């Protein structure tokens with residue numbers, strides 16, 4: 001972490017950085033934050049909230065100096081394994097640095113993203129950590145789940161807002177690294193707010209790149225290939241219609257793009273059937289309705 005990303009703290013073998021954007025945190029909250037993060041990483045804060053092949057996330061509640069409390073998410077990124085993977089990792093920016101910088105870029109463009117409160121690297125293991133605030137609202141899967149009995153018009157407004165917000169993301173030159181329903185949080189307020197989470201793979205790309213159309217379509221496939229309870233084919237079309245309108249596709253372009261998208265989603269679903277479900281999406285250990293970050 002050679003660049004000036006914030007204030008450095010060396011604690012228990014970890015080199016932490018408090019970003020400049022979190023400099024207003026009081027010393028009490030900062031110490032509480034570091035202590036809770038260390039406890040989570042050492043396994044003394046209970047069962048992990050979420051696991052994937054290369055990361056583990058804990059949901060932790062921290063207390064403020066006057067007794068108020070808030071939820072944070074502590075995500076440990078495993079160090080690269082294997083000679084080739086380690087060589088590639090050395091040639092790129094650290095993942096935690098990247099998440100901090102891309103998150104701050106997105107916030108400057110008024111996108112909903114969790115605030116990064118702390119990043120760090122373990123000097124001995126090479127593992128990294130990203131500590132984020134809780135996103136307002138609930139995971140998209142909760143809003144869509146029929147067991148929640150959420151008003152159908154509200155569900156449709158959320159889907160419409162989602163399509164428009166993905167279009168705005170793409171028009172701003174960003175491609176989300178893993179745009180699944182599990183990485184989208186929404187509020188039911190007026191106006192509805194969409195938050196995109198998990199930005200290790202999110203990139204800023206040139207809008208004139210020859211790959212821009214393919215990368216945008218890849219995001220739509222990531223979103224559309226999951227079978228989510230309560231989400232119908234018509235719901236998928238609502239998202240796409242809102243996206244297409246906001247991106248500026250002509251009627252002919254919409255038809256062509258929709259046909260291409262349907263074929264790509266079907267190929268992705270066929271491929272997914274050949275591998276275990278646990279390898280295609282993170283394991284949500286906590287009850288999914290409580291997932292916000």
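In our numbering, the protein residues as written are 1 to 293.
Cβ coordinates follow ideal geometry from the N, Cα and C atoms, glycine included.
Remember, predicted model here, so these are calculated numbers, not experimental data.
Does any heavy atom of the ligand GTP sit closer than 8 Å to the C-beta of residue i?
i          : result
residue 18 : In the structure shown, the ligand GTP is absent, as is every other ligand, since no ligand is present at all.
Pull up the distance between the alpha-carbon of residue i and that of residue j, whole angstroms please.
i           : j           : result
residue 15  : residue 34  : 11 Å
residue 141 : residue 230 : 9 Å
residue 165 : residue 195 : 9 Å
residue 223 : residue 188 : 20 Å
residue 97  : residue 255 : 40 Å
residue 252 : residue 24  : 51 Å
residue 68  : residue 40  : 20 Å
residue 153 : residue 243 : 18 Å
residue 279 : residue 66  : Caution is warranted here: a pLDDT of 49 is assigned to residue 279, below 50, making its placement in the model unreliable, and no coordinate value can be reported.
residue 175 : residue 32  : 34 Å
residue 27  : residue 273 : 50 Å
residue 115 : residue 133 : 5 Å
residue 239 : residue 108 : 25 Å
residue 213 : residue 267 : 18 Å
residue 120 : residue 102 : 16 Å
residue 52  : residue 236 : 26 Å
Spatial neighbours of residue i within its chain, please: C-beta separation below 8 Å, excluding the five flanking residues on both sides.
i          : result
residue 11 : 34, 38
residue 22 : 6, 115, 116, 117, 118
Can you list, in chain order, the residues of its chain whose CB lies under 7 Å from that of residue i, leaving out five sequence neighbours each side?
i          : result
residue 20 : 6
residue 13 : 122, 123, 124
Give the C-beta separation of residue i and residue j to the nearest angstrom, bearing in mind that I take them to be a contact with Cβ-Cβ under 8 Å.
i           : j           : result
residue 247 : residue 192 : Rounded, the Cβ-Cβ distance is 19 Å, inconsistent with contact.
residue 269 : residue 225 : 5 Å
residue 57  : residue 75  : 5 Å
residue 18  : residue 30  : 6 Å
residue 201 : residue 177 : 2 Å
residue 148 : residue 217 : With 8 Å as the limit, residue 148 and residue 217 do not qualify as a contact, their Cβ atoms being about 30 Å apart.
Which word fits residue i, buried or exposed, when buried means at least 16 other C-beta atoms lie within 10 angstroms of its C-beta?
i           : result
residue 70  : exposed
residue 42  : exposed
residue 292 : At residue 292 the pLDDT is 43, less than 50, meaning the model places this residue with poor confidence; the figure from the coordinates comes in the next sentence. Residue 292 comes out buried.
residue 64  : exposed
residue 234 : exposed
Leaving out five residues on either side along the sequence, give the residues of the same chain with a beta carbon under 6 Å from the beta carbon of residue i.
i           : result
residue 106 : 113
residue 136 : 187
residue 129 : 76, 120
Next on the checklist: In chain order, what are the residue ranges of uninterrupted alpha helix (DSSP H) at least 4 long that sit wholly in the region 208-289?
Outcome noted: The qualifying runs are 212-224, 233-247, 251-272.
Checklist entry - If you scan the region 157-200 from start to end, which runs of the beta strand (DSSP E) of 3 or more residues do you find wholly inside it? => result Listed in chain order, the complete beta strand (DSSP E) runs (minimum 3 residues) inside the region 157-200 are 184-186, 194-196.
Next on the checklist: Quick check for students: name the residue ranges of the beta strand (DSSP E) that lie wholly in the region 71-159, counting only runs of 3 or more.
Outcome noted: List check, beta strand (DSSP E) in window: 116-122, 128-133.
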